[in-house]
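Quick notes on the structure that follows.
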Amino acid sequence: MRTRDIWRRQPRLLRIVLIRLALIVPQMFGVTLVAFLLIRLLPGDPARLILGNFATDESIALYREKLGLDKDVWTQFAIYVGNILKGDFGTSPFTSRPILEDLADRAPATLELILYAVICTVGLGVTIAVVSVVKRGSPFDWGARIYGFAAGALPDFLVALLLVFVFFYLLGWAPAPFGRLDLMLNTPPQVTGFLTIDSLIAGDFEAFRSAAGRLILPVLTITIVNAGAVTKMAHSVFSEIWDSPIVGHMRACGVPEQQIVRAALRNSLPPIISVSSFILGFLLGAAVLVETIFSWGGLGQYAVQAVINSDYAALQGFVLVASAFILVVYSVADILYEVVDPRIRT
Amino acid sequence: MASARSSRSVFARPGLVIGLGLLALQFIAIVFAPWIAPFPPTEANPLDSLQPPNAVHWLGTDEIGMDIFSRIVFATRVNLLIGFAAVALSLGVGVPVGLLVGYYRGLPSALVMRFFDFIQSFPVFVLGMALVAVLGQEIWSVVIVLCMLFVPMFARIVRAEVLSLRERPFIAAARCSGAGDFAIMFRHILPNAMTPVIVQVSVSIGMAILLTAGLSFIGAGVRLPSPEWGLMVSSGAQQMILGIWWIALFPGLAIVLSVLSFALLSDEAKRYVDTGRGGRAR
Chain A
174 MRTRDIWRRQ PRLLRIVLIR LALIVPQMFG VTLVAFLLIR LLPGDPARLI LGNFATDESI
234 ALYREKLGLD KDVWTQFAIY VGNILKGDFG TSPFTSRPIL EDLADRAPAT LELILYAVIC
294 TVGLGVTIAV VSVVKRGSPF DWGARIYGFA AGALPDFLVA LLLVFVFFYL LGWAPAPFGR
354 LDLMLNTPPQ VTGFLTIDSL IAGDFEAFRS AAGRLILPVL TITIVNAGAV TKMAHSVFSE
414 IWDSPIVGHM RACGVPEQQI VRAALRNSLP PIISVSSFIL GFLLGAAVLV ETIFSWGGLG
474 QYAVQAVINS DYAALQGFVL VASAFILVVY SVADILYEVV DPRIRT
Chain B
99 MASARSSRSV FARPGLVIGL GLLALQFIAI VFAPWIAPFP PTEANPLDSL QPPNAVHWLG
159 TDEIGMDIFS RIVFATRVNL LIGFAAVALS LGVGVPVGLL VGYYRGLPSA LVMRFFDFIQ
219 SFPVFVLGMA LVAVLGQEIW SVVIVLCMLF VPMFARIVRA EVLSLRERPF IAAARCSGAG
279 DFAIMFRHIL PNAMTPVIVQ VSVSIGMAIL LTAGLSFIGA GVRLPSPEWG LMVSSGAQQM
339 ILGIWWIALF PGLAIVLSVL SFALLSDEAK RYVDTGRGGR AR
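Sequences listed follow chains A and B, in order. Just so you know, we're using this note's numbering here: the first sequence kicks off at 174 and counts up by one. Just so you know, we're using this note's numbering here: the second sequence kicks off at 99 and counts up by one.
See the structure below:
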């Protein structure tokens, strides 16, 4: 009873964050277990599979010892977790570098891409939904409905290829889909890893133009494909609030239309936040496809290379990092969700 | 009279007509593929490579001279087989699990639901491509990956229905007349819980087709030379930059139309259920 009182007296935000943090630990444990078991599904000797065909017997024996393959599976898992906690994800036989370094090098590229993509996706989706609810029955509303429906059937890789064909090959407006920066330009010194921000910090506007220009098509691809789902969801949430008595009351009181829209939007935020986080998690998968087409050099392309090369250690590292990232995103979204909606009791 | 009215309502729904039309086309392609396709789907003819659409090769040829139209037609078999198999298997597992978990509420049920939460918290595509890479690039690996996605989904839907149905008076009546748990679940609850599942089936087939194509596109799915839509788009991806558009575009359109047909049908099914439930007198 006493501890509960102390708990209740803590600020609401702190309580929400603490609960979420407590939930992350077992989930992270599960994620690690799945990443571990993934390699165990492989038929054959994991050490030989991870090190590849050209490894010597000695190095395989050494690696077996490091993985603890002569011990039972739970000891092996404990060793794996121990290595992960030390930051040792193993070494990729294809890049001959520690996997954690490989992943850390490539993460900013992917993060930059999906961050801009999620902003555009949610921004566009919510805008379309709001306009089509406010102007119900207009041609815009009909167009939005058809778009919301059809966008779900578009494969992102096809949209990306068509954009490349039209804007690079036919019109020549877009740069070639080869990476994040023009090959002739120097990469600005790394501060955040986001080229658009680093180039501005370095005052290199040419690099900024190039980096931003190369972001347009991939971000546009992801936006076109995913904004439809956001539109659909935001439409149903927002229209419910738009039809509620509060809005009628506000209108009767002579509140300006713009202010009503803002108030209604504020009330539809919680579900929009949770869907945005879901989209962000989903985009990590979509980024794999889009990165491949635009030779983006991020995590997704690394994972595809790992699949093609049967580089299982790298794949394992990618699954672990990607799942952990999504876990964090979902947790942040849950926290925001509860913070935004004061009706949720904690 | 009744048939006239229903036929009129069928044609008043463009979504239904388009959806059914596209579905029929796909079934024709599946059944009559060898007769429709002018060339064998895996026959490479390097002398005819990279031909634009013409009178002989209606949709052109790819870089090793395989006829794109024939491959698209044959790929319908592969893509729809994967989609149907995955959804059927997931129904077979997910529906009974959902029934049990909804009917018996206890620690095991709670654990199963937490386990589903956990699976669903994984990024689908990331886990999918890792699993296919590990299990081997076979059709059945793709099916297993899709099942991991769909089983929790179906189970969740059924469970939600069961939770509300099990408190209804007709279940109490069945129990009073001596029906056992098993009979109540499968004879009384299940038929009433299936409607939302049926709506979801069609959408899921579309999702399965999209995911399969995506996995094959990055090389973690069906392998060459099998005709598969995502794989065909992928083999045309490099050519797209050089302005050779037909290799990737046509199979891509096949994916769009196929997914669209299942989405339309699901939407129509949902509308039918929504109006039918309220309007029908029982």
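Where is the CB? At the ideal position from N, CA and C, for every residue including glycine.
In terms of residue numbering, what span does the alpha helix (DSSP H) encompassing H286/B cover? What you label residue 286/B is simply residue 188 of the second sequence in a count that begins at 1. Run containing H286/B: none; DSSP gives neither H nor E here.
Under 8 Å, Cβ to Cβ, is there at least one residue of chain B near F467/A? Against the first sequence, residue 467/A aligns to sequence position 294. Closer than 8 Å: no.
I want to see whether chain B comes within less than 8 Å of S504/A, judged by CB atoms only; does it? Counting from one through the first sequence, the residue named residue 504/A turns up at place 331. Chain B contact via Cβ: absent.
Rounded distance between the beta-carbons of F315/B and L187/A, thought under 8 Å: Here residue 187/A refers to the residue found at position 14 when the first sequence is read from its first residue. Here residue 315/B refers to the residue found at position 217 when the second sequence is read from its first residue. Contact doesn't hold; Cβ gap of about 45 Å is too wide.
Are V420/A and A437/A close, meaning C-beta to C-beta below 8 Å? Position 247 of the first sequence, counted from the first residue, corresponds to residue 420/A. Position 264 of the first sequence, counted from the first residue, corresponds to residue 437/A. Yes, the Cβ-Cβ distance between V420/A and A437/A is below 8 Å.
H155/B, enclosing alpha helix (DSSP H) - first and last residue: As a position in the second sequence, residue 155/B is number 57, starting the count at 1. From DSSP, H155/B is part of no alpha helix (DSSP H); its letter is neither H nor E.
Rounded to the nearest angstrom, how far is the Cβ of L442/A from that of V513/A, given a contact under 8 Å? Counted from its first residue, the first sequence places residue 442/A at position 269. Counted from its first residue, the first sequence places residue 513/A at position 340. Their Cβ separation, rounded to whole angstroms, is 5 Å, which keeps L442/A and V513/A in contact under 8 Å.
So which residues of chain A does W343/B contact, with C-beta pairs closer than 9 Å? Taking the first residue of the second sequence as 1, we reach residue 343/B at position 245. Correct list: L334, L335, F338, Y342.
Mind checking whether S300/B and F248/B have CB atoms under 8 Å apart? Position 202 of the second sequence, counting from 1, holds the residue named residue 300/B. Position 150 of the second sequence, counting from 1, holds the residue named residue 248/B. Cβ atoms of S300/B and F248/B: not closer than 8 Å.
Should F252/B and G317/B be called a contact, given that it needs their Cβ atoms to be closer than 8 Å? For this step, residue 252/B is matched to residue 154 along the second sequence. For this step, residue 317/B is matched to residue 219 along the second sequence. No, Cβ-Cβ distance for F252/B and G317/B is not below 8 Å.
Below 8 Å between beta carbons is the criterion; list the residues of the stretch 433–454 of chain A that meet it against any residue of chain B, in chain order. G454
Alpha helix (DSSP H) segments (min. 4 residues) lying fully within the stretch 443–482 of chain A: 472–482
With a Cβ-Cβ cutoff of 8 Å, do S496/A and F220/B count as a contact? Indexing the first sequence from 1 puts residue 496/A at position 323. Indexing the second sequence from 1 puts residue 220/B at position 122. A contact, by the Cβ cut-off of 8 Å.
At the 8 Å Cβ level, is A231/B part of the contact set with chain A, yes or no? As a first step, residue 231/B is located in the second sequence; it is residue number 133 there, counting from the start. Yes, because at least one Cβ of chain A sits closer than 8 Å to the Cβ of A231/B.
Measure the CB-CB distance between A290/A and I389/A and report whether it falls below 8 Å. If you number the first sequence from 1, residue 290/A lands on position 117. If you number the first sequence from 1, residue 389/A lands on position 216. It is not a contact, given that the beta carbons lie outside the stated cut-off.
Exposed or buried, K405/A, counting other C-beta atoms within 10 Å across all chains shown (16 or more means buried)? Residue mapping note: residue 405/A aligns to position 232 of the first sequence, counting from 1. The residue in question, K405/A, is buried, as its Cβ has 16 or more Cβ neighbours within 10 Å.
Contact between the stretch 257–273 of chain B and the stretch 484–504 of chain A is defined here as three or more beta-carbon pairs at a separation below 8 Å; is this criterion met? no
With a 10 Å radius around its C-beta and 16 neighbouring C-beta atoms as the bar for buried, classify T365/A as buried or exposed. The residue you call residue 365/A lines up with position 192 of the first sequence. Exposed is the call here.
Please identify, using Cβ separations under 9 Å, the residues of the stretch 178–211 of chain A that lie next to chain B, in order along the chain. Q200, G203, V204, V207, A208, L211
Does any CB atom of chain A fall closer than 8 Å to the CB of A311/B? Residue 311/B sits at position 213 when you count from the first residue of the second sequence. Taking Cβ atoms only, chain A reaches closer than 8 Å to A311/B, which makes this a yes.
Taking 8 Å as the CB-CB cut-off, is A324/A touching chain B? Looking up residue 324/A in the first sequence gives position 151. Answer no: the Cβ-Cβ gap between A324/A and chain B never drops below 8 Å.
Roughly how many angstroms lie between the CA atoms of L123/B and I342/B, to the nearest whole one? Here residue 123/B refers to the residue found at position 25 when the second sequence is read from its first residue. Here residue 342/B refers to the residue found at position 244 when the second sequence is read from its first residue. Between L123/B and I342/B, the C-alpha separation is close to 27 Å.
Would you mind giving the Cβ-Cβ distance between F378/A and T369/A, rounded to the nearest angstrom? I have them listed as a contact below 8 Å. As a position in the first sequence, residue 378/A is number 205, starting the count at 1. As a position in the first sequence, residue 369/A is number 196, starting the count at 1. Not confirmed; about 11 Å, so no contact.
Which residues DSSP lists as bridging D165/B, in chain order: Locating residue 165/B in the second sequence gives position 67, where the first residue counts as 1. DSSP lists T159/B as partners of D165/B.
Using Cβ-Cβ distances below 7 Å, what residues of the stretch 197–219 of chain B are close to chain A? F216, S219
What residues are listed by DSSP as bridge partners for T293/B? Along the second sequence, read from residue 1 onward, the residue named residue 293/B stands at position 195. T293/B pairs with nothing; no bridge assigned.
If you run the structure through DSSP and keep just helix, strand and coil, what is T268/A? One-based indexing of the first sequence puts residue 268/A at position 95. Here T268/A sits in coil by DSSP.
Nearest-angstrom Cα separation, counted from L488/A out to S269/A: Translated into the one-based positions of the first sequence, residue 269/A becomes position 96. Translated into the one-based positions of the first sequence, residue 488/A becomes position 315. Spanning the two alpha carbons is a distance of roughly 14 Å.
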